[in-house]
Amino acid sequence: MSFSVPPAALFIAGAFLVVFLRGMPRSFLLLVLPVLSLLNLLSISDGIHWIIHFMDYKLIFGRVDRLSLAFGYIFTMISFIANLYALRVDNNPEHTAALLYTGSSLGVVFAGDFLTLLIFWEIMSIGAAYFIWARRTTASYAAGMRYLLVHIFGGFCLLCGILMHVHNTGSIEFGYLGLGGLASLLIFIGFGINCAWPGLHTWLTDAYPEATITGTVFLSAFTTKCAVYALARSFPGTEILIWIGAIMTLFPIFFAVIENDLRRVLSYSLINQVGFMVVGIGIGTHLALNGATAHAIADIIFKALLFMAMGAVLHQTGKINATEVGGLHRTMPITCTFCMVGAASISAFPLFSAFATKSLIIEAVAAGHMPIIWFILIFASAGVFHHAGIKIPFFTFFARDSGLRPKEPPLNMMAAMGIAAFLCVFIGVCPGFLYSILPYPVDYQPYTPCHIVAQLQLLFFSALAFTLLILAGIYPPEMRAINLDADWFLRKGANVLVWFITKPVSAVVAKINDAVTDALPKFLLWFGKNPPAALKIGADIIVYNFTDRAEDRQRLEKEKIIYPRDLLYPWSIGAAVSSVLIFLLIYLLVYFLYYKTGAA
Amino acid sequence: MEKEREELMELKHEAVPGFPTVFGITFSVGVLYLILILYLSLK
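If you read the protein sequences in the order shown, they are chains A and B.
Everything in the first sequence is counted per my numbering, starting at 576 for the first residue and increasing by one.
Everything in the second sequence is counted per my numbering, starting at 192 for the first residue and increasing by one.
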């Protein structure tokens, strides 16, 4: 403990340092930082560390327990792999964003209070947005803006929720909340946006495929997993999460099957996998929370591996659509092998990572006697194999011959994929190691004959379904098209919003503008020439509206012509009464507004 | 220079003769099997 520093500090310091480095020193820094961070984490003891006092509150930069450490370990490990993959990127701002993003994610995980959490949460969004913009295309710029807007809204919900929570309880401690009141609901939604809940998920499938090749690897690891961590910390056992998670596992399957952009297929798959974790958090038992944490760790690795494999294809060919690639196993056999390992892992084949992690969640569902959720998760497992396990490697490396003959990617990219592939197999073969770092003691054996047979049955029948769908010509064709899902509402909503702002709102603003800048000064100028006579004319207008006589109207016209000179005839009784009433009304208004409300 | 191939707008999957029938039979058997195991599990 005496030699350790806040987990976020190393990466954030590195983010500023990397700006000044090039070549070997930069590479050295990018690889050494995660190693130092891991050693740092290993040296930290459980408890509360690094407290700063701020305005009667305690900002805690190190709330260390088994849950935060589990996420801390995997974040550090994946940063090493992703940095290795991005080693040849000669764009220092991108490396800065990567380190800032990693550091702020660790900051979120080890935050012991809501204020620290919020600060790192927002830094994370900025780092992530840079990865999207760094691709420097029109589509990526627009997607990055949309990403940032959604996350600013999410951050705003979180901020409002936190302020209300602090106002209600007087505490900023980041711990168990549970759903109860508007404050916790806003925090819940804030976490849910980053978690890509159904309907709030379009930022993910919109932005991730538009990010840089290396940026997508980082993006896949941190944002959604920080949200999973935050939910596991604040809302374990919240029943609505079970259904939210179940829907998350289900709906992306259909979009992934018809999607042409293979990185977008993986983005849908990412939502699907996060859904499993959300179900686990919703159940909230020790087994389920262990499952959610274990599956988050496994997902970070195999999803990074799949994104790295697709990134390698994009890097070497410049193409990523299923309609453009195919038959690449001839010249990229090693990348193909790594991709197959990732595909086997996400599909939960025995001896691969998800077999040992996803089953914890499904077992918890079974133990909770939730047959509908259980069926949904089983169906989703088959769907994952269908779109991520088969579709990704099949259309990229096999299927038709696209005529492309790219070489294998550079050595650093291969090494990064190799390490991730090794970890996928290692977790699958020796799950006990992963189980030992989970939040609660694990009493679960994944390799039982029943589980193995059931899983193989599921996978082989899914493969049979895919094969028959292709051979029968029923499988939906891959098309160069934009598939709209919930973003239809956003796009249509944006059109309505633009119309509303440019038409009615603009008209009202123009009227107000005219009144304030033109009509009001003119009136004051006119009124100031002879206020008593002006008041007389005003009062006469009111009175003559009621009398409606021709001679009165003539008299009023005469008054207007004579104005600003004084009138030569006395006020009528009606005009005098009207003037008194106007003054009385103004007096009452002033009295009510300034004295009554002021006193209250 | 390598001749550039025309990029596909749509990657269709043409049916292999006989396989639509095979799919129909397999699908029907699958549905019956599912009904059977659901019935047995609920019984």
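For each residue, glycine too, the CB sits at the ideal point set by N, CA and C.
Worksheet entry | Under 7 Å between C-beta atoms of A:Gly1198 and A:Thr824 | Since the first residue of chain A shown is 576 and the last is 1175, residue 1198 of chain A is not available in this structure.
Discussion item. With a threshold of 7 Å between beta-carbons, can B:Val222 be considered close to chain A, or not?
Written reply: no
Item to complete: For the region 610 to 624 of chain A and the region 644 to 658 of chain A, state whether three or more C-beta atom pairs, one from each stretch, are separated by less than 8 Å.
Response: yes
Practice prompt. Kindly indicate the opening and closing residues of the beta strand (DSSP E) around A:Trp625.
Written response: 622 to 629
Fill in: Integer-rounded CB distance, given that A:Gly855 should sit under 8 Å from A:Ala884
In fact, because the Cβ distance is near 27 Å, the residues do not count as touching under 8 Å.
Worksheet item: So A:His776 and A:Ile876 are in contact, right, with Cβ under 8 Å, and what is the actual spacing, rounded?
Response: Rounded, the Cβ-Cβ distance is 22 Å, inconsistent with contact.
Worksheet item: Within 10 angstroms of its Cβ, does B:Ile216 collect 16 or more other Cβ (buried), or is it exposed?
Response: exposed
Practice prompt. Return the CA-CA distance between A:Leu1033 and A:Trp949, expressed in angstroms with no decimal places.
Written response: 14 Å
Worksheet item: Can A:Leu752 and A:Ser809 be called in contact, C-beta distance under 7 Å?
Response: yes
Discussion item. I'd like to know whether the C-beta of B:Leu233 is nearer than 7 Å to at least one C-beta of chain A.
Written reply: no
Fill in: Three-state secondary structure (DSSP) of B:Val207
coil
Fill in: A:Phe954 versus A:Ser1081: straight-line alpha-carbon distance, rounded
51 Å
Discussion item. For A:Phe655 and A:Gly750, what's the separation of their Cα atoms in angstroms?
Written reply: 29 Å
Discussion item. Using beta carbons (cut-off 7 Å, strictly below), is B:Pro211 in contact with chain A?
Written reply: yes
Discussion item. Suppose you measure from the CA of A:Thr1092 to the CA of A:Asn1105; what does that come to, to the nearest Å?
Written reply: 22 Å
Worksheet entry | Bridge-paired residues (DSSP) for A:Gly637 | A:His624
Discussion item. Excluding the 5 residues flanking A:Ile951 on each side, which residues of the same chain have their C-beta closer than 7 Å to its C-beta?
Written reply: Ala821, Thr824, Leu825
Practice prompt. Answer yes or no: does any C-beta atom of chain A fall closer than 7 Å to that of B:Leu227?
Written response: no
Discussion item. Is B:Met192 close to chain A? Criterion is C-beta to C-beta, closer than 7 Å.
Written reply: With a pLDDT of 41 at B:Met192, under the threshold of 50, the modelled position of that residue is not reliable, and the figure given next carries that caveat. By this cut-off, B:Met192 is not an interface position.
Worksheet item: From the beta carbon of A:Glu1053, is the nearest beta carbon of chain B less than 7 Å away?
Response: yes
Worksheet item: Does A:Gly1048 get closer than 7 Å to chain B when you measure Cβ to Cβ?
Response: yes
Worksheet entry | Host alpha helix (DSSP H) of A:Ile587 (start-end) | 582 to 592
Worksheet item: Which first and last residues belong to the alpha helix (DSSP H) in which A:Tyr1010 is found?
Response: 1006 to 1010
Discussion item. Since A:Val1246 and A:Pro1051 should fall inside the 8 Å C-beta cutoff, what is the C-beta to C-beta distance between them, to a whole number of angstroms?
Written reply: Outside the modelled stretch of chain A, which goes from 576 to 1175, sits residue 1246 of chain A, for which no answer is possible.
Worksheet item: Any Cβ of chain B within less than 7 Å of the Cβ of A:Ile1057?
Response: no
Worksheet item: Do A:Gly866 and A:Ala939 have their C-beta atoms closer together than 7 Å?
Response: yes
Discussion item. Within 8 Å, do at least three Cβ pairs link the region 728 to 748 of chain A to the region 783 to 793 of chain A?
Written reply: no
Item to complete: Give the DSSP-derived three-state secondary structure of A:Asn896 in the structure shown.
Response: strand
Worksheet item: From A:Ile627 to A:Pro582, what does the alpha carbon distance come to, in whole angstroms?
Response: 15 Å
Worksheet item: How many Å lie between B:Glu195 and A:Val1071 at the Cα?
Response: For B:Glu195, the predicted structure reports a pLDDT of 48, less than 50, and the residue's modelled location is therefore unreliable. The matter cannot be settled from this model.
Discussion item. If we define contact as Cβ-Cβ less than 7 Å, is A:Thr971 a contact residue for chain B?
Written reply: no
Discussion item. Quick check: the region 793 to 807 of chain A against the region 689 to 701 of chain A, are at least 3 beta-carbon pairs closer than 8 Å?
Written reply: yes
Worksheet item: Can A:Ala929 and A:Ala873 be called in contact, C-beta distance under 7 Å?
Response: yes
Item to complete: Please list, in chain order, all residues of the same chain as A:Ser977 whose beta carbon is under 7 Å from its beta carbon, the five residues on each side excluded.
Response: Glu899, Val900, Gly901, Gly902
Discussion item. Tell me which residues share the same chain as A:Ala704 and place their Cβ nearer than 6 Å to its Cβ, disregarding the 5 neighbours each side in the sequence.
Written reply: Gly719, Tyr722, Leu723
Practice prompt. Just the C-alpha distance for A:Val639 and A:Trp625, rounded to the nearest angstrom, thanks.
Written response: 11 Å
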